[in-house]
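Numbering (the UniProt record's numbering), first residue to last: 1 to 196.
Positions of the beta carbon are idealized from the N, C-alpha and C atoms, including for glycine.
So the structure is just underneath, and the comments pick up after that.
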């Protein structure tokens, strides 16, 4: 207790009977322990600061809630866009497969057409080659030119597009030829390898 309080207690003991002095002393001790005006003002200021902080926190929480709502809406939009993209990819994959199947079909048709043109070319060669060989090379075809398989080793055959017997200057020769719609050097080399 401050010095002023002790002085006050001494005066109370002198002025009042002991019983009253004791009650007054207890009253002063009690009042001394009570919150002082200064302390109360400090508490009011702290409470005011806490109220402001609470209000700011509430405002920030509302802003966060709005931001979260916007984020959830955006995520939902992205999910819908992804679903749409997946559907478009599925349709595109289906179309690509159809194009691939159509391309395979075209390849088959082109292969068949190439074979038809090749056989037609061979058939035309059978007709016109004898006259051409006679006119330009003095070769007389003595056996009809045809397509045939020739055994080159036991049980091993190769296909020859044009084969037939002929004579040149009285000597018998064998005409062997290959017919190609689009001949390439590699075709010639393969054919020469067959003849070895």
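Residue 176, DSSP secondary structure in three states: strand
Other residues of its chain near residue 191: CB distance less than 6 Å, five sequence neighbours each side excluded: 178
Taking 7 Å as the limit between beta carbons, can you name the residues of its chain near residue 24, skipping five residues before and five after? 12, 16
So which of 127, 164, 128 has the shortest CA-CA distance to residue 142? 164
Sequence-distant residues of its chain with Cβ nearer than 8 Å to residue 167 (five each side left out): 139, 140, 142, 173
Residue 54 to residue 68 span [Cα, whole Å]: 20 Å
Cβ of residue 181 within 8 Å of Cβ of residue 132? no
Once DSSP output is grouped into helix, strand and coil, what is the label at residue 149? strand
Does the beta-carbon distance from residue 28 to residue 8 come in below 8 Å? yes
Count the other C-beta atoms from every protein chain shown that fall within 10 angstroms of the C-beta of residue 183, then say buried if there are 16 or more, exposed otherwise. exposed
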